[in-house]
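Numbering (UniProt numbering), first residue to last: 1 to 428.
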């Protein structure tokens, strides 16, 4: 049956789309309703300063799976439909993903949701189940999908359909002899918002003051759509906020169903659950609607480059903790290799499937922050001791823009003309 061994756990990665670090109840937002994610944080660890590698969809997703920066993996911006769908390239071809390492270790892999890294119509190496969005976004009802290579239309509300698909995958894997890995990638709470989400969720926010989403005057770099709306937003700001919050709460309810399915199959204690987002989102913070590309030139505000990050495995990861160490998406691959005790070092796969070791990974394992253990050194996978964490630098990239950030300082460099920015983050 699917792994019942906490030392060799199944893995459930839940990925939201455009979720700001502020958009969780457990992060201190008293207006948004995310009871299931709040409970997940209570059973595990919430990382309060976790960064994406690029404040836009595709580069951040590529970094999450490869453990590499955009300048290394080559995906520098979001992939438009004609690049992301069935006619598109596989932008990660020949590059090792942590899913390759899981497949090599005998895991059965599944995807339910948004891939957005090219070649969405066909399963990646090692995946036995592939239910992928045709492109990277669009309406929440009638979404174009690919199920194991066949194009289908999803008539229902996509957030619920993805949860249904995930539950079905868990049911089939519960009796399989191998451990499973499931990528559950929601399109929520990405736009569109108005008229897209069930009334039961939008009604929750009809009287909301949205104090947690300040709406200062538009940022001077915020471009406008032809209809006058801020790029990344919608013409009616209040309706957009209602839709954004409703999309998040609907996703939370769907996640609750999937976590309940783990419990029904007695898989909770033997499944590592990770929840995060591809990139942040502003929703009015700093006078911006959008993320890094909500302004031109691109911005590197924390609300764009920070993301929620929750991890839980009851019985192995002590719960109810918040960690403030600076971590990044490129740290996930070495952490999974370490935490799961995978034997394979990252490899580059050629067309014939042969592998060659790579040692150019910028990340390091944070297993010790999860379960209190000492990270196990592995070839090509750097780890960190506590003194090294005091000097940690987080890197972000978006096109010609670079950001480096420590706990106290942030520098943003825009090649070739600027403007450049230096922030003393300790000044209040």
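C-beta atoms are modelled at their ideal positions from N, C-alpha and C, and glycine is treated no differently.
Assuming residue 329 and residue 53 make a contact with CB atoms under 8 Å, what is their CB distance in whole Å?
5 Å
Just to confirm my understanding: we take residue 295, look at its own chain, exclude 5 residues before and 5 after, and list those with CB closer than 7 Å. What are they?
219, 221, 222, 288
Paired residues, beta bridge with residue 230 - DSSP
224
Tell me whether residue 271 sits in a helix, a strand or coil according to DSSP, three-state version.
strand
Among 68, 144, 261, which residue has its Cα nearest to the Cα of residue 168?
261
Whole angstroms are fine: how far does the CA of residue 179 sit from the CA of residue 3?
5 Å
Sequence-distant residues of its chain with Cβ nearer than 7 Å to residue 69 (five each side left out)
53, 63, 330, 362, 395, 397
Where does residue 286 fall in DSSP's three states?
helix
Host beta strand (DSSP E) of residue 396 (start-end)
394-398
Just checking: is the beta-carbon of residue 92 within a distance shorter than 7 Å of some beta-carbon in chain C?
Absent from the structure is chain C; it holds one protein chain and no more.
Between the C-alpha atoms of residue 273 and residue 371, what's the straight-line distance to the nearest angstrom?
14 Å
Rounded to the nearest angstrom, what separates residue 31 and residue 212 at their Cα positions?
7 Å
What first and last residue would you give for the beta strand (DSSP E) that runs through residue 184?
180-185
Which partner residues does residue 404 have in the DSSP bridge list?
395, 411
Let's test the definition: count the other Cβ atoms within 10 Å of the Cβ of residue 238 and tell me whether it reaches 16, buried, or not, exposed.
exposed
If you follow the beta strand (DSSP E) that residue 323 is in, where does it begin and where does it stop?
321-323
Spatial neighbours of residue 279 within its chain, please: CB distance less than 8 Å, with the 5 preceding and 5 following residues excluded, ordered by chain position.
18, 52, 54, 55, 56, 57, 60, 291, 292, 304, 305, 307
Could you spell out where the beta strand (DSSP E) holding residue 127 opens and where it closes?
127-133
When you compare only the Cα positions, how much space is there between residue 10 and residue 314?
13 Å
Give the secondary structure of residue 301 by DSSP, where H, G and I count as helix, E and B as strand, and everything else as coil.
coil
Excluding the 5 residues preceding and the 5 following residue 251 in the sequence, name in chain order all residues of the same chain whose CB lies nearer than 7 Å to its CB.
16, 159, 186, 188, 189
For residue 143, which beta-bridge partners are listed by DSSP?
154
On the three-state DSSP scale, how would you describe residue 165?
helix
Between residue 5 and the rest of its own chain, which residues show a CB-CB distance below 7 Å, the 5 nearest in sequence each way excluded?
270
Got a sec, what are the start and stop residues for the alpha helix (DSSP H) residue 462 sits in?
Here the chain has residues from 1 to 428 only, and residue 462 is not among them.
Between the segment 144-152 and the segment 202-209, do three or more beta carbon pairs fall short of 8 Å?
no
Tell me, please, which residues DSSP counts as bridged to residue 241.
Answer is none; residue 241 lacks a bridge partner.
Just checking, does the segment 113-132 make contact with the segment 191-200 on the three C-beta pairs under 8 Å criterion?
no
Using beta-carbon positions only, say whether residue 366 and residue 342 come within less than 7 Å of one another.
no
Please report the distance separating the alpha-carbon of residue 414 from that of residue 300.
11 Å
For residue 194, does the three-state DSSP call read helix, strand or coil?
coil
When 14, 28, 264 are compared against residue 322, the one with the closest alpha-carbon
28
Only counting the same chain, and skipping five residues up and downstream in sequence, which positions put a Cβ closer than 6 Å to that of residue 7?
none
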